[in-house]
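Please read the structure below before turning to the comments.
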């Protein structure tokens, strides 16, 4: 029977946590952008701009900041 070394376990846990964080930030960013478009269609421009900015920051953090810089560059 083989045992998982602590380094491999820590690296795997790190990979899983970063993947979950990137996924959550990206999904919430897309939902914020969608809500922004709905508020813009309803005529609430200030809320729409605020949600668009918030969604853009979340998409940037999830897809590029964590997904590309942390995960893809470190593990590929």
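Residue numbers (UniProt numbering): 1 to 76.
C-beta: ideal position from N, C-alpha, C; glycine also.
Select from 19, 47, 5 the residue whose C-alpha is nearest the C-alpha of residue 32.
Minimum Cα distance to residue 32 is reached at 47.
So the alpha helix (DSSP H) residue 18 belongs to, where does it begin and stop?
Following the DSSP letters along the chain, one finds residue 18 inside the alpha helix (DSSP H) bounded by residues 6-41.
Whose C-beta lies closer than 7 Å to the C-beta of residue 14 among residues of the same chain, with five residues either side of it excluded?
none
By how many angstroms is the C-alpha of residue 9 removed from the C-alpha of residue 58?
28 Å
Return helix, strand or coil for residue 3, following the three-state DSSP convention.
coil
State yes or no: is the C-beta of residue 29 within less than 9 Å of the C-beta of residue 61?
yes
Of all the options 20, 72, 51, which has the alpha carbon lying nearest to the alpha carbon of residue 37?
51
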